[in-house]
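Shown next, in structure tokens, is the structure this report addresses.
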Amino acid sequence: MALVATATLGVSLWLGGLHWPSSPALAQAEPAVERATPTNATSYRFTVGDYSATVVSDGTLSFPVGFFVPNVAPEAAAAALTDNFLPTDNVLAHLNVLYLETDEHKVLIDTGAGNTFGPTVGYLARNLEAAGIAPDTIDTVILTHAHPDHIGGILDDSGNPVFANASYYISEPEWNFWTAPTVEMPNSLVDADTQASTVAVAQKWLGAIGDRITRFALGDEIIPGIVSVPSVGHTPGQASYLITSGDDSLLATGDVFFSDPLNLENPDWEVAFDTDPTQGVATRKQLLETVTGDRRKLLVPHMPFPGLGHVRAQGDAYGWEPIVWDFGFES
């Protein structure tokens, strides 16, 4: 199916608590979302070598299990979730955003959902401020891919740039895919309205910062210390980012995998949100094999906050080992 996003398209879907965005600019199409004040931790500080790093929460999303893995027998998905003490009706996805202070830059990887997914997300700017990070001091925003929950925080409720002084980076194939006059997703497992809504939001939000975006080839170094890693399948130009300082490193994965156990114990299960689910499975399995072999520390956007941990191999499947929480006392 060929989909054409136009300025008149307006689609708004609720999927078990997941609000799929409408278009054009939500600041004009819908009232500003009212959000509660979080009562638990919304940021987590750590280091990558000499770099100061902070994971900042943008909130959480939930969506029906059958929507997430539509080709999986419901009883199989329910069994996997039950075995891991998780509810069987909805998948809960955190939205973790990484902030870095490198030798030269103040960097954000992705921007959260902004006003595109309803009241349970869109907390990034508020939580950055609470962590002592002023959005206008961020000079570099690096995007993994152009789904609404990763680019929606580019604009505030009034349609103005949140990161007013930042330069943006996105891969060339990702930019070319979403900004084409006709966007085709013949292998997607989501419905046509959801596809069209996603395209429209990507085009609007990327268009708002088009003159500030640098496009790069997958595999390129973005800035010193941050190298892009091809991670296509979820979208045609998705990139993960390998952050290296001295002998320490961290891989920010983008959406190669989302959920333990649905994606780790069952890496062959196709995910509805992948533009090409078959390629998504292949990329997921390749990355999981690599990071377990390297014992790589990961930042995963949709894992439980703060989304930091390792993947362990367990037979032909995998499991998630979150980091041990560090209170970060200064000596």
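Residues in the sequence shown are numbered from 36 upward in steps of one, following this note's numbering. Backbone N, C-alpha and C define an ideal beta-carbon position, used for all residues, glycine too.
Please state whether DSSP places residue i in a helix, a strand or coil.
i: N131; result: strand
i: Q238; result: helix
i: L61; result: Low confidence applies to L61: its pLDDT is 36, below 50, so where it sits in the model is not reliable enough to give any reading.
i: H185; result: helix
i: G245; result: helix
i: E69; result: coil
i: S284; result: strand
i: P216; result: coil
i: D85; result: coil
i: L159; result: helix
i: D171; result: helix
i: T279; result: strand
i: S97; result: strand
i: A199; result: coil
i: A227; result: helix
i: A76; result: coil
i: A165; result: helix
i: S92; result: strand
i: P154; result: coil
i: P56; result: Note that P56 scores 42 on pLDDT, short of 50, meaning its location in the model is unreliable; the coordinates nonetheless yield the value given after this. P56: coil per DSSP, three-state reduction.
i: F362; result: coil
Between residue i and residue j, which are expected to be in contact by the criterion C-beta below 8 Å, what is the C-beta distance as a whole number of angstroms?
i: S263; j: I257; result: 6 Å
i: G187; j: G149; result: 3 Å
i: G84; j: S280; result: 3 Å
i: T175; j: D145; result: Wrong, their Cβ atoms sit about 12 Å apart, outside the cutoff.
i: Y86; j: E136; result: 6 Å
i: V346; j: Y353; result: 5 Å
i: F212; j: I173; result: Not confirmed; about 26 Å, so no contact.
i: D290; j: Q273; result: 7 Å
i: Y204; j: F251; result: 6 Å
i: P196; j: I189; result: 7 Å
i: G254; j: I278; result: Not a contact, Cβ separation roughly 15 Å.
i: A181; j: T270; result: 7 Å
Residue i lies in the beta strand (DSSP E); which residues open and close that run?
i: G354; result: A352 to P357
i: G344; result: L343 to Q349
i: S263; result: I261 to P265
i: R206; result: First, the residue type needs correcting, since residue 206 is Ser and not Arg in the sequence shown. Its beta strand (DSSP E) spans residues S202 to S206.
Practice task
Mind listing, in chain order, the continuous alpha helix (DSSP H) runs of no fewer than 4 residues lying wholly within the segment 289-338?
Solution key: 312-329
Practice task
May I have a chain-ordered list of the alpha helix (DSSP H) segments no shorter than 4 residues that lie completely inside the segment 99-152?
Solution key: 100-103 and 109-118
Practice task
Spell out a yes or no on whether the segment 277-289 and the segment 302-314 are touching, meaning 3 or more CB-CB pairs, one atom from each, closer than 8 Å.
Solution key: no
Handout entry: Stretch-stretch touch, CB-based, cutoff 8 Å, three pairs: the segment 105-116 with the segment 294-301
Key = yes
Practice task
State whether the segment 158-169 contacts the segment 84-94, with contact taken as three or more CB pairs (one from each stretch) at a distance under 8 Å.
Solution key: yes
Exercise for the section: Evaluate the contact criterion for the segment 216-223 versus the segment 242-259: three or more CB pairs, one atom per stretch, below 8 Å. Expected result: These segments do not touch.
Practice task
Answer yes if the segment 70-83 comes into contact with the segment 313-330, meaning at least three C-beta pairs across the two stretches below 8 Å, and no otherwise.
Solution key: no
Problem - Cβ pair count under 8 Å reaching 3, the segment 122-129 against the segment 93-113 - result: yes
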